[in-house]
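Number of protein chains: 2
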Amino acid sequence: MTVFYSPHIFSCTNKRPDDHPRGSCGAKNGEALRQYLREKLKAAGLTEARANVAGCLDQCENGPVLVIYPEGVWYRAADIAAIDRIVDEHLVGGRIVADLQLTEKVKK
Amino acid sequence: MTVFYSPHIFSCTNKRPDDHPRGSCGAKNGEALRQYLREKLKAAGLTEARANVAGCLDQCENGPVLVIYPEGVWYRAADIAAIDRIVDEHLVGGRIVADLQLTEKVKK
Chain A
750 MTVFYSPHIF
760 SCTNKRPDDH
770 PRGSCGAKNG
780 EALRQYLREK
790 LKAAGLTEAR
800 ANVAGCLDQC
810 ENGPVLVIYP
820 EGVWYRAADI
830 AAIDRIVDEH
840 LVGGRIVADL
850 QLTEKVKK
Chain Y
750 MTVFYSPHIF
760 SCTNKRPDDH
770 PRGSCGAKNG
780 EALRQYLREK
790 LKAAGLTEAR
800 ANVAGCLDQC
810 ENGPVLVIYP
820 EGVWYRAADI
830 AAIDRIVDEH
840 LVGGRIVADL
850 QLTEKVKK
């Protein structure tokens, strides 16, 4: 494994029309939440972390979602409070935030 | 680790102006190469794989780049021949393509 970023986080910011039956992370504030995540990582001193946008992660019904690699932990990150917990409890504290974690892929 | 996609590939397709000193993956055909990667994965029968776009991965000088998670292997994937090798040799064959691999982060 080559580590350029630790952790490397991908936030879905894909935007579908507001009336799309599956919804989308972008239509639920995904990009603004990613910007908040970037600020939060910086404030927490996680200088090796990187928060990238991703295209559609196909977990739309649970959106906004993000995934943390290389750990492979998926989260529902629907608001600022969720991002605060993911950073403080998981990335700083080292404990998975179980009630925000996604462990089941969306079935279509 | 929760595995929704195996492997989960992120291709940089970030586009800067053509005269930007660092260059960019998007200006070097990044999005078309990602589309080719998607077709190639399908043709190789890698139905659990997913090829997402990423925002800027900040390895612009080596672009177009991609990263394969959860393995954490970075590649310079500048043309179709490179993508063919990454899929055939690494993802199907299980051998890292050493001459395309990136192991040093771009220094700025």
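As they're listed, the protein sequences go chains A and Y. If you read the first sequence in our numbering, its first letter stands for residue 750, the second for the next number, and so on. If you read the second sequence in our numbering, its first letter stands for residue 750, the second for the next number, and so on. Glycine included, each C-beta is placed from N, C-alpha and C at the ideal position.
Short Cβ contact (8 Å threshold) for residue i with residue j
| i | j | result |
| --- | --- | --- |
| Cys809 of chain Y | Ser773 of chain Y | yes |
| Val836 of chain A | Ala793 of chain A | yes |
| Ala716 of chain Y | Leu790 of chain Y | Outside the displayed span of chain Y (750 to 857) sits residue 716 of chain Y, for which this structure offers no information. |
| Tyr818 of chain Y | Val846 of chain Y | no |
| Leu786 of chain A | Ile832 of chain A | yes |
| Asn778 of chain A | Cys805 of chain A | no |
| Gln850 of chain A | Val822 of chain A | yes |
| Phe753 of chain A | Lys854 of chain Y | yes |
| Val841 of chain Y | Phe759 of chain Y | no |
| Arg783 of chain A | Ala776 of chain A | no |
| Thr852 of chain A | Thr852 of chain Y | no |
| Gly812 of chain A | Cys761 of chain A | yes |
Bridge partner(s) assigned by DSSP for residue i
| i | result |
| --- | --- |
| Ser760 of chain Y | Y:Val802, Y:Leu815 |
DSSP-derived helix/strand/coil call for residue i
| i | result |
| --- | --- |
| Gly775 of chain Y | helix |
Could you run through the region 813 to 824 of chain A and flag, in chain order, every residue whose CB is less than 7 Å away from some CB of chain Y? Tyr818, Pro819, Glu820, Gly821, Val822, Trp823
Runs of beta strand (DSSP E) lying entirely within the region 778 to 854 of chain A, each at least 3 residues, in chain order: 799 to 803, 814 to 818, 822 to 825
Taking a Cβ distance cut-off of 7 Å, strictly less, list which residues of the region 785 to 804 of chain Y are near chain A, in chain order. Asn801, Val802, Ala803, Gly804
Which of the residues in the region 833 to 855 of chain Y, read from start to end, lie with their CB under 8 Å from any CB of chain A? Gln850, Leu851, Thr852, Lys854
Against chain Y, which members of the region 769 to 782 of chain A pass a CB distance test of less than 7 Å? Here the close residues number zero.
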